[in-house]
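*Asks:*
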């Protein structure tokens, strides 16, 4: 049993050296960047923004009904028999029209009175649009709050890991010194084992 313990103590420095030189992960993303990416890639927010855009388009459509409408209309008709008009006896009759009949031009129309239907329809659409805008703003605030909470937790965790690694490096350096002194006869086995226990305790916290 003692032999296996000394074998473990022999390979322990190589294992500890790897931990001592480990790079502590850092949060390189700024809070503003994290919030921006969360808002840009949130499926729920994308859906809410699409609903808001649809409600805004409906408001525009209802608003357009309150104003006169200018359209371009055209028609074409082919007449097989053109009526003729005879003015003087013995003279050829004059055709009254043509086989091809067409008309084209602008048309201005306005529903002057509809008992306020278009007006109230616009108010309803405007209220629905405002409700969608409030939902988008509420979801944005909720996402930002979640990002900020996670961001500061990550910062705290990174700082805690950094402190634990620094403490581990300190215990490792102390253990290496005591181990060297023990081999040279300047330290007792109890000191070496005590330093070893401190080092293992620090390692378990990582």
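Numbering (our numbering), first residue to last: 31 to 236.
Ideal Cβ placement from N, Cα and C applies to all residues, glycine included.
1) If you run the structure through DSSP and keep just helix, strand and coil, what is residue 193?
2) Do you know offhand how far residue 172's Cα is from residue 64's?
3) Taking 8 Å as the threshold, find out whether the segment 125-139 comes into contact with the segment 97-117 through three or more Cβ pairs.
4) Considering just the uninterrupted stretch of the beta strand (DSSP E) at residue 122, what are its terminal residues?
5) Just to confirm the assignment: which complete beta strand (DSSP E) runs, minimum length 3, are found wholly within the segment 83-108?
6) Within 10 Å of its beta-carbon, does residue 99 have 16 or more other beta-carbons around it, so buried, or fewer, so exposed?
7) Does DSSP classify residue 133 as helix, strand or coil?
8) If you draw a straight line from the C-alpha of residue 165 to the C-alpha of residue 175, how long is it?
9) Does residue 116 come out as helix, strand or coil in the three-state DSSP assignment?
10) Return the bridge partner residues of residue 139 from the DSSP annotation.
11) Run the CB neighbour count on residue 76, radius 10 Å, all protein chains shown included, and call it buried at 16 or more, exposed below.
12) Of all the CB atoms in chain B, is at least one closer than 8 Å to the CB of residue 109?
13) Quick check: the Cα distance between residue 29 and residue 91, rounded to an integer number of angstroms?
14) Does residue 214 come out as helix, strand or coil in the three-state DSSP assignment?
15) Please state whether the Cβ-Cβ distance between residue 148 and residue 96 is less than 8 Å.
16) According to DSSP, is residue 230 helix, strand or coil?
17) Quick one: grab the DSSP three-state call for residue 111.
18) Which of the three DSSP states, helix, strand or coil, is assigned to residue 144?
*Replies:* Looking at the atomic coordinates:
1) Residue 193 sits in a helix when the DSSP states are folded into three classes.
2) The straight-line gap from Cα to Cα measures roughly 14 Å.
3) Yes, they touch.
4) No beta strand (DSSP E) contains residue 122, which DSSP labels as neither H nor E.
5) The qualifying runs are 99-108.
6) Burial is judged here by how many other beta carbons sit within 10 angstroms of a residue's own beta carbon; residue 99 has fewer than 16 and is exposed.
7) When DSSP states are grouped into helix, strand and coil, residue 133 belongs to the strand group.
8) Computed Cα separation, rounded: 15 Å.
9) Look at residue 116 here: in three-state DSSP terms it is coil, with no helix or strand label.
10) DSSP, once it has assigned bridges, lists 99 as partnering residue 139.
11) Looking at its Cβ environment, which holds fewer than 16 other Cβ atoms inside 10 Å, residue 76 is exposed.
12) Of the chains in the structure shown, none is chain B; there is only one protein chain.
13) In this structure the chain extends from 31 to 236, so residue 29 is not present and cannot be described.
14) Three-state result, residue 214: coil.
15) Yes.
16) Helix at residue 230.
17) Correct three-state label for residue 111: coil.
18) In the structure shown, the three-state DSSP call for residue 144 is coil.
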